[in-house]
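Asker: This is the structure I have questions about; it appears just below.
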Amino acid sequence: MPKTVDEVAEAMFNMVKDAAGQKKLKAMDLTKAMNELFAGEVDKKLCKDAIRKLVESGRCVYTYFGGSYIEIPHREAAAND
Amino acid sequence: MSENKSETPLLDQLEEGAWPSFVKEIKMAAKKSPMAKDLLGQLERSYKEKISHWKHGGIVGVMGYGGGIIGRYSDLPEKFPGVSHFHTLRVNHPSGWFYKTDALRKICDIWEKHGSGVTNMHGSTGDIILLGTKTDELEPIFAELQKIDFDLGGSGSDMRTPSCCVGQARCEWACYDTMKACYDFTTTYQDELHRPAFPYKFKFKFSGCPNDCVASIARADLSVIGIWRDAIQMDKEAVKEYAASGLDIGRDVAERCPAKCMEWDGKELKIDNQYCRHCMHCINAMPKALSPGKDRGATILLGSKAPIVEGALLSSVLIPFVKMEPPYQEIKDIIAKIWDIWSEEGKNRERVGEFIQRVGLGNFLDAIGLEPQPEMVAHPRENPYVFYEEYFEEDGQEQGK
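In structure tokens, the structure reads:
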């Protein structure tokens, strides 16, 4: 049965949260992981919509450290107050 | 020694000479902007110590977007508080960089209100570059830019803001409407522009003819270069006028043709168009006499990049000729396949040109469903081993040598 955007977004959020501080994840990492987790129940469009939902809700943010990643919002070390 | 010793003696040297100086511009901005004043101070210190005092900020941005903002912080915030935050905005430029003066005034008003007042028109990406603002000002700037119909451009691992030459707006040699194509691709790929999902950056550049005024062959992952496939148009009377005015057509035009497809007998210029390499040399030398043919379109090339992770690459031919007519579906279908395979198999920070080198052009063409063509050969083969699929039977037994 196809997954909903909310279900995929939640699974992605948990993955990003668990990886925080250990590994930075790119959009494609999340998409590939969802394809494995929900084999046959998700497609690229659904994963794209889930990422967009996470970012537009503020639960995740795009970051750039050589490449672009998706992370939990946090105060970066370089920031000046 | 003078009592009025300059605070920026090294930067002052960069105001010398005939050319416009960025130091002069920043000094003018510094008269009313504390950010610009501290920018001068920090830059002078960097010249003196020969090190940068910028720190990279990787998390700043506007809600929902993953590109368009490049974060910078000073590592001397107590000494230069004005540049403690000094983020850059990339603003998506209009095709061909045409503006009404009113639009430029509005952008500058926004930037003087919320930023340093220092701009870079335009950056090497093509975008309008607004240099230096604080994190808290990013959302207000974004909101005000949107009110005047401007949007942020690309940065990070996304599709970068497409750019083009002025094309048919000002150039007689444009073989297609570059500005229309650039605008179409920019609007089609808004999601890819604002939400980074690729292994690394991906750039489009549209040039109207092989003169390639936006250097797409060296700077764009996907270069769209205008071309013609019939004969060069020639005004024979104008050729004679060039000869009469002193142009040595034999030496300066025919002999410099890389394909040697031209002959000048002192009276008449003959071109064997089947060997023409479309280098534009003869057309550039005699613009009143020669011009591109009438059957016009574009060549699509893939893979160029500047040296960052690996060395520089030039684009090579992917589609030798395509008619450039909206909605450009043939090109967009190929782009979708390229992005699919590159996103799926590309390594982190691997440009599409590097990806092709790693997997091999044959495998890449196979993956995107294009048949190999002679025009795709960029240079003579380096590998002496040749394998032909027809030499193998279905069970894998070798049939011939």
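The listed protein sequences correspond, in order, to chains A and B. For the first sequence, position 78 (counting from the first letter as 1) is numbered 89 according to this note's numbering, and the numbering increases by one without interruption. For the second sequence, position 230 (counting from the first letter as 1) is numbered 301 according to this note's numbering, and the numbering increases by one without interruption. The beta-carbon is built from N, C-alpha and C at its ideal position, and this holds for glycine as well.
By DSSP, does His156(B) sit in helix, in strand, or in coil?
Answerer: strand
Asker: Using CA coordinates, which residue listed in Ala356(B), Glu339(B), Pro270(B) and His265(B) is at the minimum distance from Asn282(B)?
Answerer: Ala356(B)
Asker: Would you kindly work out how many angstroms separate the C-alpha atoms of Ile402(B) and Phe169(B), rounded to a whole number?
Answerer: 26 Å
Asker: By Cβ distance below 7 Å, which residues in the same chain neighbour Lys472(B) in space, the five residues on each side in sequence not counted?
Answerer: A caution first: Lys472(B) carries a pLDDT of 41, below 50, which makes its placement in the model unreliable, though a value can still be read off. There are no such residues.
Asker: Output needed in chain order: residues of the segment 64-77 of chain A with a Cβ under 8 Å from some Cβ in chain B.
Answerer: Val66, Glu67, Gly69, Val72, Tyr73, Thr74, Tyr75, Phe76 and Gly77
Asker: Please list the residues of the segment 402-431 of chain B that have a C-beta atom closer than 7 Å to any C-beta atom in chain A, keeping them in chain order.
Answerer: Cβ contacts with chain A: Ser414, Asn419 and Arg420.
Asker: Report the rounded CA-to-CA distance for Val53(A) versus Met23(A), giving the unit in angstroms.
Answerer: 12 Å
Asker: Please state whether DSSP places Met72(B) in a helix, a strand or coil.
Answerer: Legend: pLDDT at Met72(B) = 42, less than 50; position of this residue unreliable, no value from coordinates given.
Asker: Closer than 8 Å, Cβ to any Cβ of chain A: which residues of the segment 256-267 of chain B, in chain order?
Answerer: Asp262, Arg266 and Pro267
Asker: Quick check on Lys205(B) - is its C-beta less than 7 Å from some C-beta in chain A?
Answerer: no
Asker: I believe His158(B) touches Thr204(B) by the beta-carbon criterion, under 8 Å. Please report the beta-carbon distance rounded to the nearest angstrom.
Answerer: 5 Å
Asker: Per DSSP, which one or two residues make a beta bridge with Thr232(B)?
Answerer: Its beta-bridge partners do not exist; DSSP assigns none.
Asker: Cutting at 7 Å between CB atoms, please list the residues of its own chain near Asp220(B), excluding the five before and the five after it.
Answerer: none
Asker: Check this for me: beta carbons of Ile97(B) and Leu111(B), under 7 Å apart or not?
Answerer: yes
Asker: Return the CA-CA distance between Thr10(A) and Lys59(A), expressed in angstroms with no decimal places.
Answerer: Any property of residue 10(A) remains undetermined from this structure, which presents chain A solely from 12 to 92.
Asker: Count the other C-beta atoms from every protein chain shown that fall within 10 angstroms of the C-beta of Ser79(A), then say buried if there are 16 or more, exposed otherwise.
Answerer: Buried is the call here.
Asker: Among Ser123(B), Arg420(B) and Asp229(B), which residue has its Cα nearest to the Cα of Tyr260(B)?
Answerer: Asp229(B)
Asker: Kindly indicate if chain A contains any beta-carbon less than 7 Å away from that of Gln113(B).
Answerer: no
Asker: According to DSSP, is Val58(B) helix, strand or coil?
Answerer: Given a span of 72 to 472 for chain B in the structure shown, any question on residue 58(B) remains unanswerable.
Asker: Taking the straight line between their C-alpha atoms, what separation do you get for Thr15(A) and Gly417(B)?
Answerer: 28 Å
Asker: Run down chain B in chain order and give the residues with a C-beta less than 9 Å from the C-beta of Lys37(A).
Answerer: Ser228, Pro267, Ala268, Phe269, Pro270 and Asn419
Asker: Compare the Cα-Cα distances from Asp301(B) to each of Ile439(B), Glu425(B) and Gly364(B) and report the closest residue.
Answerer: Gly364(B)
Asker: Hey, which unbroken runs of the alpha helix (DSSP H) at 4 residues or more fall wholly within the segment 327-402 of chain B?
Answerer: Given a length threshold of 4 residues, each whole run of the alpha helix (DSSP H) inside the segment 327-402 of chain B is given here in chain order: 352-356.
Asker: When you compare each of His349(B), Trp413(B), Pro329(B) and Ala315(B) to Glu339(B) by their alpha carbons, which one comes out closest?
Answerer: Ala315(B)
Asker: Taking the alpha carbon of Glu87(A) as the reference point, which residue from Gly132(B), Arg161(B) and Glu149(B) has its own alpha carbon closest?
Answerer: Shortest Cα-Cα distance from Glu87(A) to any of Gly132(B), Arg161(B) and Glu149(B) involves Gly132(B).
Asker: Hey, could you find the ends of the beta strand (DSSP E) Val448(B) is sitting in?
Answerer: Val448(B) -> no beta strand (DSSP E), and no H or E assigned at all.
Asker: Quick one: is Thr172(B) buried, meaning 16 or more other Cβ sit within 10 Å of its Cβ, or exposed?
Answerer: So Thr172(B) counts as exposed.
Asker: Which residue marks the beginning of the beta strand (DSSP E) containing Trp182(B), and which one marks its end?
Answerer: Unbroken run through Trp182(B) is the alpha helix (DSSP H), Thr172 to His185; no beta strand (DSSP E).
Asker: Along chain B, which residues have their Cβ under 7 Å away from the Cβ of Glu87(A)?
Answerer: Gly128, Gly129 and Ile130
Asker: If you measure beta-carbon to beta-carbon, which residues of the segment 153-166 of chain B are closer than 7 Å to chain A?
Answerer: Ser155 and His156
Asker: Can you tell me whether Asn46(A) is helix, strand or coil according to DSSP?
Answerer: If DSSP states are grouped into helix, strand and coil, Asn46(A) belongs with the helices.
Asker: Excluding the 5 residues flanking Ala89(B) on each side, which residues of the same chain have their C-beta closer than 6 Å to its C-beta?
Answerer: none
Asker: Any contact of the segment 267-282 of chain B with the segment 417-434 of chain B, i.e. 3+ C-beta pairs under 8 Å?
Answerer: yes
Asker: Who are the neighbours of Pro148(B) on chain A, taking C-beta pairs under 8 Å?
Answerer: Asn91
Asker: Quick one: give me the first and last residue of the beta strand (DSSP E) that Phe277(B) is part of.
Answerer: Phe275 to Ser278
Asker: Report, in whole angstroms, the separation of the C-beta atoms of Pro233(B) and Thr206(B), which I expect to be a contact under 8 Å.
Answerer: That belief does not hold up - the Cβ atoms of Pro233(B) and Thr206(B) are roughly 28 Å apart, past 8 Å.
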